[in-house]
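Asks: Heads up: the sequence shown begins at 1185 in our numbering, then just goes up one per residue. Glycine included, C-beta positions come from ideal geometry on N, C-alpha and C. These figures come from a predicted structure and were not determined experimentally. Please see the structure below; I have some questions.
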Amino acid sequence: MSAATAWEVATEWRLGTLQHASAVVHDDRMALNGLAACEIPISGEVARRAGLWDVPPRDPFDRLLAAQAVTDELVLASNDAAFSQFEGVVQLS
């Protein structure tokens, strides 16, 4: 799971739009273990790609997730149609 996901979940929880995410926000290791997942850090290469990508979606979370998926050759699990704007993203919905 991308570190960008942790940032987005924490932000949405703080803003009150993900009210049921308290356990994940306060114990992300438990959540990762429950999914048999690991955290993927955001590299400088990913950050640059996200910032330089000339596509309409301005959401910084979407840009980072798309850039990480392409850079690290990962499948992005999301049903958000915005990811189709990013060339090279392989999406599992």
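(1) Hey, how far is the Cα of P1241 from the Cα of A1251?
(2) I need the DSSP call for L1216, collapsed to helix, strand or coil.
(3) Using 10 angstroms around the beta-carbon of A1188, count the other beta-carbons present and answer buried if the total reaches 16, otherwise exposed.
(4) Less than 8 Å between C-beta atoms, sequence neighbours within five positions excluded: which residues of the same chain meet that for D1256?
(5) Can you name, in chain order, every residue of its own chain whose Cβ lies under 8 Å from the Cβ of V1259, other than the five neighbours on each side?
(6) Pull up the distance between the alpha-carbon of A1220 and that of A1261, whole angstroms please.
(7) Run the CB neighbour count on L1236, radius 10 Å, all protein chains shown included, and call it buried at 16 or more, exposed below.
(8) Would you decide whether L1249 is buried or exposed? Buried here means 16 or more other CB atoms lie within 10 Å of its CB.
(9) Would you decide whether A1234 is buried or exposed? Buried here means 16 or more other CB atoms lie within 10 Å of its CB.
(10) Which whole-angstrom value describes the C-beta separation of A1190 and E1196, a residue pair presumed to lie in contact below a C-beta threshold of 8 Å?
Replies: Taking the structure as given:
(1) 12 Å
(2) helix
(3) buried
(4) I1224 and V1230
(5) A1253, V1274, Q1275 and L1276
(6) 15 Å
(7) exposed
(8) buried
(9) buried
(10) Contact flag wrong, Cβ pair sits at about 11 Å.
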